[in-house]
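The structure appears right after this line, and notes come after that.
Residue numbers (this note's numbering), protein chains in the order written: chain A, 3 to 398; chain B, 13 to 236.
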């Protein structure tokens, strides 16, 4: 048993008062959950603390909260783990009786209704509705059941693990600046149907989400959703897969410059061996070639960017020579880069690289890439093979 | 135990004894499981009877005018809630009552049951029922008041516990999930029947019986 101090963020719209921190200290085992502690406080001391919960075993997705800054399920976060996040540098229990403190706050990006309860309808569920979260049958409907190949099912299993807790939505940085962003949970749900061979609307789904200015190209690659997810859904990886399928397989040219930006990035690294930053912006708008910058769209964006470009040149952050000619690297190095491109492009199937390797110490060694089919490789930690798409995944 | 064979009595279309009120899922008792539900057979409650209930209710609703709720009903409910909200402070805690109810049921009405234990449970539950009526309320607000919901739910929990114990006391035999150490044998002659429990406007649960519908499979001694 140990002593934990929970500082719970309270808000009651009835009271007319601002939100405040409500402090309670409990004696509990370090491996009991944050939810156990909150329910104990509610049972013993203050029944007015608002938190949604149901199953208490990490399957209903009701108790999403932020604990010492990190979103997750209160029921599967141990008290010692949550408290440790709050330890500053040099924290030691012996040093002057330092307290174990856990700040519990409602999730972000959603309006707070009461205490730890947020309005999931206003944000999360609205976005889930946005992506047509059901299977669209192919016509004519088969007489017998549709047998789905095992690899395809394995491929979408990761997204099916989502329990709709909203933890990823809570910490999505893109949604913080663009509340209309479809967001990590809904886009992971979109992949669940894009990856399903029974779905008839694969192309429509993808072009819809590519064309939407708040769709797949609105993700900035910050990894927050991957860190937040208690079920290993890795929403950001699913968004990147949607982009690859939209661009490379379905050849969708979106009006958000998303696909053009990605292909320009790939071409520039191939041609120069390093990213030619000054070329990236005009090509992303004007088109993926040296002539891209002469396109009216590129001219317009260059003009618009002058207030940023001029001071950068004046302060020496941009050298005109580098901006015009790009980086020069040694010929053998450039050849090596081109060889990597050639090797990857010659592969019959795309290797989906799971960018985030989590929990490696508990897992067996990943299978060699050659043995794993493309689609299934994404669910395991693929070896860091050179891969053409990975450098293109920058924000647009 | 993670399944309750009993529940709100329904017919095969999910309709309860209260006209136009439907129940489906684990809360319902269509009586297809007998004394003990077989593994995976709860799927019947969702997939089969869930569908049947939904369909039947929808078809019925289409043929009916929109019912009106008498204002007195609303007033009664409002009064009930404001009574809870207006309770004086200092009463027993909801959490403590819930905990004790759980402990009582686990000790006397779980796997092994006997007359003495069930009588103790009955007495304990009626004590808790009295306590629950004046349990402390910390939250008197109107937004997402989970404290008042907990107080209302506690009342329902006590009703269900009372019903389970009444049924277990009544059935003086062992059958399916009911194991009475004082009546270890199954007794088809006297007990091959349903026990129906209802308040019928009284304070104590009232017991009555109904016939078991037996079709293809005859009840047999469980020998495995």
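Built from N, CA and C at the ideal position, the CB exists for glycine as well.
Among residues of its own chain, excluding the 5 on either side of residue 178 of chain B, which ones have a beta-carbon nearer than 7 Å to its beta-carbon? Closer than 7 Å at Cβ, skipping near neighbours: 209, 217 and 219.
Is it true that the stretch 77-87 of chain B meets the stretch 47-55 of chain B, where meeting means three or more beta-carbon pairs spaced less than 8 Å apart? In this structure the stretch 77-87 of chain B does not touch the stretch 47-55 of chain B; the number of beta carbon pairs closer than 8 Å is below three.
Closer than 8 Å by beta-carbon distance: list the chain B residues that pair up with residue 44 of chain A, in chain order. In chain order, 107 make up the part of chain B whose C-beta sits under 8 Å from the C-beta of residue 44 of chain A.
Let me see if you follow: with CB-CB separation under 8 Å, is residue 48 of chain A close to chain B or not? The Cβ of residue 48 of chain A sits closer than 8 Å to at least one Cβ of chain B.
Of the listed residues B:24, B:115, B:20 and B:128, nearest to residue 195 of chain B (C-alpha basis): Residue 195 of chain B has its Cα closest to that of B:128, out of B:24, B:115, B:20 and B:128.
Determine the chain A residues that contact residue 155 of chain B at a beta-carbon separation under 8 Å, and present them in chain order. Chain order gives the chain A residues near residue 155 of chain B as 14, 15, 16, 115 and 116, where near means a beta carbon separation below 8 Å.
Contact belief for residue 174 of chain A with residue 227 of chain A at Cβ below 8 Å, rounded distance in angstroms: Between residue 227 of chain A and residue 174 of chain A the Cβ distance is about 6 Å, and since that is below 8 Å, they are a contact.
Note down the Cα distance separating residue 153 of chain A from residue 198 of chain A, rounded to an integer number of angstroms. Annotation: residue 153 of chain A to residue 198 of chain A spans about 10 Å, alpha carbon to alpha carbon.
Determine contact between the stretch 233-244 of chain A and the stretch 299-312 of chain A, defined as no fewer than three beta-carbon pairs at a distance below 8 Å. The stretch 233-244 of chain A is not in contact with the stretch 299-312 of chain A.
Cβ of residue 147 of chain B within 8 Å of Cβ of residue 93 of chain B? Their beta carbons are not under 8 Å apart, which means residue 147 of chain B does not touch residue 93 of chain B by this criterion.
Neighbour flag for residue 185 of chain A against chain B, beta carbons, 8 Å: No, residue 185 of chain A does not count as interfacial toward chain B.
In chain order, what residues of the same chain have a beta carbon less than 6 Å from the beta carbon of residue 33 of chain A, not counting five sequence neighbours either side? The residues are 80.
Cβ of residue 119 of chain A within 8 Å of any chain B Cβ: At a cut-off of 8 Å, the C-beta of residue 119 of chain A has a neighbouring C-beta in chain B.
Which runs of the alpha helix (DSSP H) at least 4 residues long sit entirely within the stretch 277-305 of chain A? Give them in chain order. Counting only runs of 4 or more, we get 279-288.
Rank A:285, A:277, A:280 and A:135 by C-alpha distance to the C-alpha of residue 260 of chain A and give the top, closest one. Per the Cα distances, A:285.
Please report how far the alpha carbon of residue 116 of chain B lies from the alpha carbon of residue 126 of chain B, in whole angstroms. The straight-line gap separating the alpha-carbon atoms of residue 116 of chain B and residue 126 of chain B is approximately 14 Å.
Using a Cβ-Cβ cutoff of 9 Å, what residues of the stretch 49-81 of chain A are near chain B? List them in chain order. Identification of residues in the stretch 49-81 of chain A having a C-beta nearer than 9 Å to some C-beta of chain B yields 49, 50, 51, 52, 53 and 54, given in sequence order.
Using 8 Å as the cut-off, can you tell me whether the stretch 40-47 of chain A makes contact with the stretch 142-149 of chain A, which would need three or more C-beta pairs spanning the two stretches below that distance? Counting C-beta pairs with one atom in each stretch, the stretch 40-47 of chain A and the stretch 142-149 of chain A have fewer than three that are closer than 8 Å, which means they do not touch.
Below-8 Å beta-carbon distance, residue 162 of chain B vs any chain A residue: So yes, residue 162 of chain B belongs to the interface.
Taking only beta-carbon positions, decide if residue 126 of chain B is within less than 8 Å of chain A. Answer no: the Cβ-Cβ gap between residue 126 of chain B and chain A never drops below 8 Å.
Name the one or two DSSP bridge partners that residue 23 of chain A has. DSSP lists A:11 as the bridge partner or partners of residue 23 of chain A.
Applying the criterion that 16 or more other CB atoms from any shown protein chain within 10 Å of the CB defines a buried residue, is residue 23 of chain A buried or exposed? Counting Cβ neighbours within 10 Å, residue 23 of chain A comes out exposed, since fewer than 16 surround it.
For residue 399 of chain A and residue 38 of chain A, I'd like the C-alpha separation in whole angstroms. In this structure chain A extends from 3 to 398, so residue 399 of chain A is not present and cannot be described.
Whole runs of the alpha helix (DSSP H) within the stretch 166-205 of chain B, excluding any shorter than 4 residues: Listed in chain order, the complete alpha helix (DSSP H) runs (minimum 4 residues) inside the stretch 166-205 of chain B are 200-203.
Separation of residue 191 of chain A from residue 135 of chain A, as counted between CA atoms: Those two C-alpha atoms are separated by around 7 Å.
Any C-beta of chain A sitting closer than 8 Å to the C-beta of residue 190 of chain B? Judged by the 8 Å Cβ criterion, residue 190 of chain B is not in contact with chain A.
Note the first and the last residue of the continuous alpha helix (DSSP H) segment covering residue 264 of chain A. Element bounds for residue 264 of chain A: 260-274.
Quick one: using the 10 Å Cβ neighbour count with 16 as the cut-off for buried, is residue 58 of chain B buried or exposed? Counting Cβ neighbours within 10 Å, residue 58 of chain B comes out exposed, since fewer than 16 surround it.
Would you mind telling me which residues of chain A sit closer than 7 Å to residue 158 of chain B, beta carbon to beta carbon, in chain order? By Cβ distance, chain A contributes 52.
For residue 5 of chain A, the nearest candidate out of A:14, A:20, A:224 and A:31 (CA to CA): Selected option, being the one with the closest Cα: A:31.
Other residues of its chain near residue 31 of chain B: CB distance less than 8 Å, five sequence neighbours each side excluded: No residues qualify anywhere along the chain.
Taking CB distances under 8 Å as the criterion, tell me whether residue 170 of chain B reaches chain A. No, residue 170 of chain B does not count as interfacial toward chain A.
I want to know whether the stretch 62-76 of chain A touches the stretch 167-185 of chain B - three or more CB-CB distances under 8 Å. No, they do not touch.
I need the straight-line Cα distance from residue 387 of chain A to residue 251 of chain A, nearest angstrom please. With a pLDDT of 42 at residue 387 of chain A, under the threshold of 50, the modelled position of this residue cannot be trusted; read the value that follows with caution. Going from the Cα of residue 387 of chain A to the Cα of residue 251 of chain A covers about 21 Å.
At a Cβ threshold of 8 Å, is residue 180 of chain B touching chain A? For residue 180 of chain B, no Cβ of chain A is located within less than 8 Å of the residue's own Cβ.
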